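Remarks on the structure that follows.
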(Lines of atoms letter the chains of each structure in order from A; the text may use other names.)
(Lines give C-alpha, C1' and ligand atoms only; values in the text may rest on other atoms or scores of the structure.)
Protein backbone atom coordinates (compact mmCIF):
# COMPACT_ATOMS: atom_id res chain seq x y z
CA UNK A 766 0.00 0.00 0.00
CA UNK A 767 1.45 3.41 -0.87
CA UNK A 768 2.46 5.62 2.01
CA UNK A 769 -0.23 8.21 1.23
CA UNK A 770 -3.06 5.67 1.43
CA UNK A 771 -1.73 4.21 4.68
CA UNK A 772 -1.75 7.61 6.35
CA UNK A 773 -5.30 8.20 5.17
CA UNK A 774 -6.45 4.90 6.62
CA UNK A 775 -4.83 5.50 10.00
CA UNK A 776 -6.16 9.02 10.18
CA UNK A 777 -9.75 8.31 9.16
CA UNK A 778 -11.67 8.62 11.34
CA UNK A 779 -9.06 10.38 13.40
CA UNK A 780 -9.25 10.54 17.15
CA UNK A 781 -9.50 14.29 16.70
CA UNK A 782 -12.68 13.88 14.63
CA UNK A 783 -14.21 11.60 17.25
CA UNK A 784 -13.24 13.91 20.10
CA UNK A 785 -14.50 16.91 18.16
CA UNK A 786 -17.80 15.13 17.46
CA UNK A 787 -18.20 14.17 21.12
CA UNK A 788 -17.28 17.68 22.14
CA UNK A 789 -19.92 19.17 19.87
CA UNK A 790 -22.49 16.70 21.17
CA UNK A 791 -21.61 17.43 24.79
CA UNK A 792 -21.51 21.20 24.28
CA UNK A 793 -25.01 21.11 22.80
CA UNK A 794 -26.33 19.19 25.80
CA UNK A 795 -24.57 21.45 28.28
CA UNK A 796 -25.63 24.52 26.34
CA UNK A 797 -29.24 23.38 26.35
CA UNK A 798 -29.13 22.80 30.11
CA UNK A 799 -27.55 26.21 30.69
CA UNK A 800 -30.10 27.94 28.45
CA UNK A 801 -32.96 26.42 30.41
CA UNK A 802 -31.54 27.61 33.71
CA UNK A 803 -30.76 31.19 32.78
CA UNK A 804 -33.14 33.88 33.98
CA UNK A 805 -32.71 35.84 30.76
CA UNK A 806 -34.34 32.92 28.94
CA UNK A 807 -37.51 33.25 31.01
CA UNK A 808 -40.38 35.33 29.66
CA UNK A 809 -39.80 38.91 30.76
CA UNK A 810 -42.78 38.97 33.12
CA UNK A 811 -41.33 35.95 34.99
CA UNK A 812 -37.90 37.46 35.62
CA UNK A 813 -37.61 38.62 39.24
CA UNK A 814 -36.27 42.12 38.57
CA UNK A 815 -38.73 42.87 35.79
CA UNK A 816 -41.59 41.34 37.77
CA UNK A 817 -40.77 43.56 40.74
CA UNK A 818 -40.61 46.69 38.58
CA UNK A 819 -43.87 45.86 36.81
CA UNK A 820 -45.84 44.81 39.87
CA UNK A 821 -44.51 45.12 43.42
CA UNK A 822 -42.14 43.32 45.81
CA UNK A 823 -45.12 41.56 47.39
CA UNK A 824 -45.75 39.72 44.11
CA UNK A 825 -42.38 37.95 44.28
CA UNK A 826 -41.71 34.66 46.03
CA UNK A 827 -39.00 34.47 48.70
CA UNK A 828 -36.75 32.72 46.17
CA UNK A 829 -37.29 35.48 43.59
CA UNK A 830 -36.47 38.20 46.14
CA UNK A 831 -33.35 36.33 47.22
CA UNK A 832 -32.38 35.79 43.56
CA UNK A 833 -32.34 39.57 43.08
CA UNK A 834 -29.90 39.87 45.98
CA UNK A 835 -27.75 36.99 44.68
CA UNK A 836 -27.73 38.56 41.18
CA UNK A 837 -26.28 35.47 39.45
CA UNK A 838 -26.49 31.72 39.65
CA UNK A 839 -23.87 29.12 38.86
CA UNK A 840 -23.08 27.08 35.78
CA UNK A 841 -26.25 25.14 35.10
CA UNK A 842 -28.24 26.79 37.92
CA UNK A 843 -30.09 30.10 37.74
CA UNK A 844 -30.10 32.64 40.54
CA UNK A 845 -33.67 31.54 41.32
CA UNK A 846 -32.63 27.89 41.58
CA UNK A 847 -29.66 28.85 43.75
CA UNK A 848 -31.97 30.94 45.96
CA UNK A 849 -34.39 28.01 46.28
CA UNK A 850 -31.52 25.72 47.32
CA UNK A 851 -30.28 28.30 49.80
CA UNK A 852 -33.73 28.78 51.35
CA UNK A 853 -34.20 25.02 51.57
CA UNK A 854 -30.87 24.73 53.41
CA UNK A 855 -32.14 27.09 56.14
CA UNK A 856 -35.54 25.50 56.58
CA UNK A 857 -37.48 26.93 53.65
CA UNK A 858 -37.98 30.54 54.75
CA UNK A 859 -36.12 33.73 55.62
CA UNK A 860 -36.76 32.99 59.29
CA UNK A 861 -34.25 30.15 58.92
CA UNK A 862 -31.42 32.66 58.60
CA UNK A 863 -32.13 33.90 62.12
CA UNK A 864 -29.66 32.72 64.72
CA UNK A 865 -27.46 30.90 62.20
CA UNK A 866 -23.85 31.56 61.45
CA UNK A 867 -24.27 33.19 58.04
CA UNK A 868 -20.93 31.73 56.94
CA UNK A 869 -22.53 28.26 56.92
CA UNK A 870 -24.25 29.09 53.65
CA UNK A 871 -20.89 29.16 51.85
CA UNK A 872 -21.10 25.35 51.93
CA UNK A 873 -23.59 25.68 49.08
CA UNK A 874 -21.92 25.59 45.67
CA UNK A 875 -22.09 29.07 44.18
CA UNK A 876 -22.28 30.97 47.47
CA UNK A 877 -18.97 32.73 47.94
CA UNK A 878 -17.97 35.88 49.83
CA UNK A 879 -19.70 38.37 47.51
CA UNK A 880 -23.09 36.65 47.81
CA UNK A 881 -22.53 36.02 51.52
CA UNK A 882 -21.88 39.73 52.13
CA UNK A 883 -24.90 40.78 50.04
CA UNK A 884 -27.18 38.48 52.06
CA UNK A 885 -25.66 39.56 55.39
CA UNK A 886 -26.01 43.25 54.48
CA UNK A 887 -29.65 42.75 53.48
CA UNK A 888 -30.36 40.96 56.76
CA UNK A 889 -28.71 43.76 58.73
CA UNK A 890 -30.75 46.40 56.89
CA UNK A 891 -33.96 44.48 57.73
CA UNK A 892 -32.84 44.18 61.36
CA UNK A 893 -32.16 47.92 61.61
CA UNK A 894 -35.50 48.81 60.04
CA UNK A 895 -37.35 46.66 62.57
CA UNK A 896 -35.26 47.96 65.46
CA UNK A 897 -35.95 51.58 64.48
CA UNK A 898 -39.67 50.91 63.99
CA UNK A 899 -39.92 49.24 67.41
CA UNK A 900 -38.06 52.12 69.07
CA UNK A 901 -40.39 54.66 67.50
CA UNK A 902 -43.37 52.73 68.86
CA UNK A 903 -41.75 52.45 72.28
CA UNK A 904 -41.43 48.67 72.11
CA UNK A 905 -37.66 48.69 72.71
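Residue numbers (our numbering): 766 to 905.
All C-beta atoms, glycine included, are put in the ideal place defined by N, C-alpha and C.
A quick note: this is a predicted structure, and the numbers were derived from the prediction, not measured.
Length of the line joining the Cα atoms of residue i and residue j
i, j, result
"residue 804", "residue 852", "18 Å"
"residue 850", "residue 883", "17 Å"
"residue 825", "residue 902", "29 Å"
"residue 880", "residue 835", "6 Å"
"residue 900", "residue 856", "30 Å"
"residue 866", "residue 842", "24 Å"
"residue 840", "residue 904", "46 Å"
Selection from the options that minimises the alpha carbon distance to residue i
i, options, result
"residue 830", "841, 878, 818 and 904", "818"
"residue 837", "860, 813, 820 and 822", "813"
"residue 827", "878, 869 and 861", "861"
Buried versus exposed call for residue i [16 or more other C-beta atoms within 10 Å across all chains shown]
i, result
"residue 833", "buried"
"residue 898", "exposed"
"residue 886", "exposed"
"residue 863", "exposed"
"residue 890", "exposed"
"residue 845", "buried"
"residue 816", "buried"
"residue 895", "exposed"
Extent of the continuous alpha helix (DSSP H) run through residue i
i, result
"residue 854", "844 to 854"
"residue 806", "Neither: residue 806 is in no alpha helix (DSSP H) and is coded neither H nor E."
"residue 871", "It is not in any alpha helix (DSSP H) - residue 871 carries neither H nor E in the DSSP assignment."
"residue 877", "Unbroken run through residue 877: none, as it is neither H nor E."
"residue 829", "827 to 835"
"residue 815", "813 to 819"
Whole-angstrom C-beta distance between residue j and residue i, which should lie under 8 Å
i, j, result
"residue 873", "residue 854", "6 Å"
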